[in-house]
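Trainee: Attaching a single structure in structure tokens format; questions to follow.
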Amino acid sequence: MDTMDKFYHIVTYGCQMNVHESEKIAGILSGLGYIACDKMEQADVVVFNTCCIRENAENHAYGNIGMLKKLKAAKRDMIIAVGGCLTQQINKADSLHEKFPYVDIIFGTHNLNKLKEYIIEKRGRKKPIIEIEQCDGSVFEGDVPLRTSYPNAWVNITYGCNNFCTYCIVPYVRGRERSRKSENILAEVGKLVAEGYKEITLLGQNVNSYGNGGADIPFYELLERVANIDGNFRVRFMTSHPKDFSEELAKVIGRNKKICNCLHLPVQSGSDSILSAMNRRYTARDYLNKVEILRKHVPDCAITTDIIVGFPGETEEDFKATLELVNKVDFASAFTFVYSKREGTKAALMPNQIPEDVSKRRIMELVDLVNEHTRSHSARFVGQTVEVLCEGYDDKRSLYLGRSEHGRMVYFDSIDDKKGQFVNVKINEANGISLIGEITEE
Ligand code: SAH
Ligand code: SF4
Ligand code: F3S
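Sequential numbering from 716 applies to the sequence shown in the numbering used here.
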């Protein structure tokens, strides 16, 4: 190893979109000559790409930034940068600076592309750089020069969100919804497939409203055009908002083999009054109708969801309605969250915030029920052969791992390296959300 080598380390919190933003950050840093490293202690530049969707996401970042104080004192020329959704909240950059005066660069979600300048500038000066910009409506259409998740590749199709669900901070920190041009998206996917990527995931806070901001084609058409690109690859997309989910989209999923038979369709609650207070703009019945339409066109579709418990005003009856809906839909799996009050959102001002002990009891009950459904979905695969895209080797289990079309993690043994290949795996055992099997020629 050359002693002149300089290293970077990125810590990412939050959603898939943030994971993908971190690839863009990695591209910027490697463009500056830095090399990725696993250990923070070894790094000359550390970037925290933060999230603020819930209070614990914020606290997690604060804890980790706090832990760097000693390291920075011992290694003065190390550059610490904090960016992402947390810093973009009103007045957060200043309070971050007060709390962590040794942080060198604080930037927001709308000036990520300036990180290169900030780092160059910072090398020559002592004072921290604190710069948060507001959304100017522009769309990042550039290349993503460094991808870290082969054989999977993420492709943004929209940025921001216009939905203003009353609990959610995203519209405030990511700005208004804007769509990329379809020709640029298609060109990017074509290039990725030619480079050998095997799974393309289209990303947006609400992919179904692609085009609302003036793009040339609706989402279902974009999706079908992506699936029509030549090559051996899979397509996924997230996230779909139920209010914009259409029968056309269900048909496109059903008739295109490359589009995985799974759909993440966050329901949030099974109670109409809570859904209305959340500004979700559908009822439980509407949601169930969409599920029915989806299953009509894609019979074996694995439907997954997000659910929040303890939203302000949630009664025992409202909560029971959520449990009922979980049973009716029979989700393949679900992310479950306790409502977290976010400063600046409408729900933060609502009366009847739910006491912590009530939310805790509800989330435990919900998790138990969701787990039952998850286990029963997994059990259905035992004895079946599923196609798995191998993502790599798991050192802990000493097995290869990958994902099935339905999004289940599958572990299997192999004598040669299968990373990046589609393999048929006969499932012998189900273990919660993951499956274990063996390669077959079937
Ligand atoms: N755009 C996506 C998801 C965004 S965030 C969508 O609309 O579905 C992912 C999930 O975090 C949400 O679906 C929601 O379930 C949860 N979430 C968002 N804000 C939250 C809050 N304040 N408290 C708890 N969970 C929250
Ligand atoms: Fe948040 Fe709602 Fe937008 Fe999703 S659709 S990002 S939950 S405001
Ligand atoms: Fe994602 Fe968290 Fe921001 S969920 S969009 S990183 S607030």
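C-beta atoms are modelled at their ideal positions from N, C-alpha and C, and glycine is treated no differently.
1) Y817 to L861, Cα distance in whole Å?
2) What residue from P866, V888 and V904 has the CA that sits closest to F822's CA?
3) Tell me whether V885, by its Cβ, gets closer than 7 Å to a heavy atom of ligand 2.
4) Any heavy atom of ligand 3 within a distance shorter than 7 Å of the CB on N1004?
5) What is the residue span of the alpha helix (DSSP H) that I1148 lies within?
6) Whose CA, out of R1076, K1056 and S1091, lies closest to the CA of C767?
7) Does the contact criterion of 3 or more C-beta pairs under 8 Å hold for the segment 1016-1027 versus the segment 1042-1059?
8) Identify whether N774 lies in helix, strand or coil by the three-state DSSP scheme.
9) Rounded to the nearest angstrom, what separates K966 and R1090 at their Cα positions?
10) In angstroms with no decimal places, state the Cα-to-Cα distance between R1123 and L747.
11) By Cβ distance, which residues of its chain are closer than 6 Å to T727, with the 5 residues on each side in sequence left out?
12) Thinking C-beta only, is D1132 closer than 8 Å to E1153?
13) In angstroms, rounded to a whole number, what distance separates the CA positions of A679 and V1140?
14) Contact between the segment 952-965 and the segment 1005-1019 is defined here as three or more beta-carbon pairs at a separation below 8 Å; is this criterion met?
15) What residue range is occupied by the uninterrupted beta strand (DSSP E) comprising T1100?
16) For ligand 2, is there a heavy atom less than 7 Å away from the beta-carbon of N921?
17) Which partner residues of Q983 appear in the DSSP bridge assignment?
18) Among L917, N927, P933 and I805, whose alpha-carbon lies nearest the alpha-carbon of Q731?
19) Which same chain residues end up closer than 6 Å to F1096 when comparing Cβ atoms and leaving out the 5 residues on each side of it in sequence?
20) What does the Cβ neighbour count give for S984, buried or exposed, with the cut at 16 atoms within 10 Å?
21) Based on the DSSP output, what are the partners of V904 in its beta bridges?
22) Cβ-heavy atom distance between D1021 and ligand 1 below 7 Å?
23) From P866 to E1039, what does the alpha carbon distance come to, in whole angstroms?
24) Look at the Cβ atom of G857, then the Cβ atom of T824, and state whether they are nearer than 8 Å.
25) Applying the criterion that 16 or more other CB atoms from any shown protein chain within 10 Å of the CB defines a buried residue, is L1064 buried or exposed?
26) What does DSSP give as the partner residues of C977 in its beta bridges?
27) Between which two residues does the alpha helix (DSSP H) containing V1085 stretch?
28) For T1051, name the three-state secondary structure that DSSP assigns.
29) How big is the Cα-Cα spacing for Y882 and I1130?
30) Nearest to F952 by CA position, among I915, K958, K972 and S988, is which residue?
31) Roughly how many angstroms separate the alpha carbons of V941 and G911, rounded to a whole number?
32) CA-CA distance, I820 and Q849?
33) Whose C-alpha, out of P1070, T1020 and N927, is nearest the C-alpha of N1042?
34) Between V922 and I872, is the Cβ-Cβ spacing less than 8 Å?
35) Classify F948 as buried or exposed, calling it buried when 16 or more other Cβ atoms lie within 10 Å of its own Cβ.
36) Quick one: what does DSSP say F934 is sitting in, helix, strand or coil?
Mentor: This is what the structure holds:
1) Rounded to the nearest angstrom, the two C-alpha atoms are 29 Å apart.
2) It is V888.
3) At least one heavy atom of ligand 2 is nearer than 7 Å to the Cβ of V885, so yes.
4) Incorrect: N1004 has no Cβ contact closer than 7 Å to ligand 3.
5) It is not in any alpha helix (DSSP H) - I1148 carries neither H nor E in the DSSP assignment.
6) Nearest C-alpha to C767: K1056.
7) In short, these stretches touch, since the Cβ pair count reaches three.
8) The answer is helix: DSSP assigns N774 an H, G or I state.
9) Rounded to the nearest whole angstrom, the C-alpha separation of K966 and R1090 is 28 Å.
10) Spanning the alpha carbons of R1123 and L747 requires a straight line of approximately 38 Å.
11) Once the five neighbours on either side are set aside, the close Cβ partners of T727 are N733, V734, S737 and N764.
12) Contact: no.
13) Nothing about residue 679 can be reported from this structure: the residues present for the chain run from 716 to 1157 only.
14) By the Cβ rule, the segment 952-965 counts as touching the segment 1005-1019, because three or more pairs are nearer than 8 Å.
15) In the DSSP assignment, T1100 falls within the beta strand (DSSP E) that extends over T1100 to D1109.
16) Yes, ligand 2 has a heavy atom inside 7 Å of this Cβ.
17) For Q983, which the question treats as bridged, DSSP gives the partners I1022.
18) The option with the nearest alpha carbon to Q731 is L917.
19) So the list reads I1142 and L1150, once near-sequence residues are dropped.
20) S984 is classed as buried because its beta carbon has at least 16 other beta carbons within 10 Å across all chains shown.
21) Under DSSP, V904 shares a beta bridge with no residue.
22) Within the cutoff, so yes.
23) Approximately 38 Å, taken between the alpha carbons.
24) Cβ distance not < 8 Å, so G857 and T824 don't count as in contact.
25) With a threshold of 16 other beta carbon atoms within 10 Å, L1064 falls short and is exposed.
26) Per DSSP, A1017.
27) Element bounds for V1085: E1071 to A1094.
28) Correct three-state label for T1051: strand.
29) Spanning the two alpha carbons is a distance of roughly 49 Å.
30) With distances taken between Cα atoms, F952 lies closest to I915.
31) Cα to Cα, the separation comes out at about 15 Å.
32) Distance between I820 and Q849, taken at the CA atoms: about 17 Å.
33) The option with the nearest alpha carbon to N1042 is T1020.
34) Contact flag set, yes.
35) Classification for F948: buried.
36) In the structure shown, F934 sits in a helix (DSSP, three-state: H, G or I).
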